[in-house]
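I have placed the structure first, in the form of structure tokens, so that the comments after it can refer back to it.
Encoded structure:
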């Protein structure tokens, strides 16, 4: 699954995923009907303390519904504070697809009451229903509800197509970001190697010119010495010493550095 490979590269590059990242991954899990992967993706925003916005909540509802776990889908649905028409429709669709028709119709009625004033079509349909009930006690039949429900599913299908286009664009951007990070990492490694080679060549030229070479040998610590002031000994001749009185560090650079464990033979070979 290429989307998950890009997500792993994103984590290795220390790029923090956002809600849209998880929405795209959950869409891939939904397409593959992969419950375990979807549940694993759900754990990431929970562990990071990410707020459950309507886009992420809707993607989770759809994933759990498609994978057959309507109960978890309904838990997520109830935890979304600001639901939109898409989240309502996907939850209703999930109940209907999992043989819970009565619950789907009940939730559809609640949706009319909760969202009618925000959506012109729902407002018109709900107004007609209330007027009919006042006149002759008419209750909408299941067929009428399902007819209107079909229109909602068409709206959802169009929304899904638009979302898939957005998801493709996101995956393309993630691939490009991964490629750029890899190029930067390769360039940084090459720069470090070039600097090291340049420094070695400079030291060789200076040695051939007859410049004075500076060597340092660190004696072993005495038993009476309770604190070691040497913090770092580098293979390139670098030395870092801490000054406990001034609470600061001092850096030194030598042509060659012998540590406390160096023997006389290794020192004699240099000269």
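Numbering (this note's numbering), first residue to last: -1 to 269.
Each residue gets a CB set at the ideal place from its N, CA and C atoms; glycine is no exception.
The structure presented is a predicted model; accordingly, all values stated were derived computationally and were not measured.
Within 7 Å, strictly: CB atoms of residue i and residue j
i: residue 56; j: residue 84; result: yes
i: residue 247; j: residue 240; result: yes
i: residue 18; j: residue 39; result: no
i: residue 33; j: residue 65; result: yes
i: residue 203; j: residue 252; result: no
Counted within 10 angstroms of its Cβ, other Cβ atoms place residue i as buried (16 or more) or exposed
i: residue 131; result: At residue 131 the pLDDT is 49, less than 50, meaning the model places this residue with poor confidence; the figure from the coordinates comes in the next sentence. With fewer than 16 other Cβ atoms within 10 Å, it is exposed.
i: residue 60; result: buried
i: residue 245; result: exposed
i: residue 68; result: buried
i: residue 297; result: Since the first and last residues shown for the chain are -1 and 269, residue 297 lies out of range.
i: residue 102; result: buried
i: residue 4; result: buried
i: residue 192; result: exposed
i: residue 109; result: buried
i: residue 43; result: buried
i: residue 1; result: buried
i: residue 170; result: exposed
i: residue 87; result: buried
As assigned by DSSP and simplified to three states, the class of residue i
i: residue 198; result: helix
i: residue 336; result: With the chain covering -1 to 269 only, the question about residue 336 has no answer from this structure.
i: residue 13; result: coil
i: residue 238; result: strand
i: residue 211; result: coil
i: residue 118; result: The predicted position of residue 118 is uncertain, since its pLDDT is 49 and thus under 50; a value taken from the coordinates is nonetheless stated next. If DSSP states are grouped into helix, strand and coil, residue 118 belongs with the helices.
i: residue 217; result: coil
i: residue 60; result: helix
i: residue 111; result: helix
i: residue 160; result: helix
i: residue 261; result: coil
i: residue 246; result: strand
i: residue 31; result: coil
i: residue 229; result: strand
i: residue 52; result: helix
i: residue 81; result: coil
i: residue 66; result: coil
i: residue 47; result: coil
i: residue 97; result: coil
Beta-carbon proximity list for residue i, same chain, < 7 Å, skipping 5 on both sides
i: residue 233; result: none
i: residue 70; result: 62
i: residue 21; result: 53, 54 and 57
Contact set for residue i: own chain, Cβ-Cβ below 6 Å, skip 5 residues either direction
i: residue 75; result: 59 and 89
i: residue 35; result: 27
Close-in-space but distant-in-sequence residues of the same chain around residue i (CB under 8 Å, 5 per side omitted)
i: residue 92; result: 59, 60, 62, 63, 64, 68 and 71
i: residue 77; result: 50 and 55
Measuring CB atoms only, is the segment 251 to 265 touching the segment 227 to 236, in the sense that at least three cross pairs come out at less than 8 Å?
yes
Segment contact flag, the segment 11 to 28 with the segment 158 to 178, C-beta cutoff 8 Å, min 3 pairs:
yes
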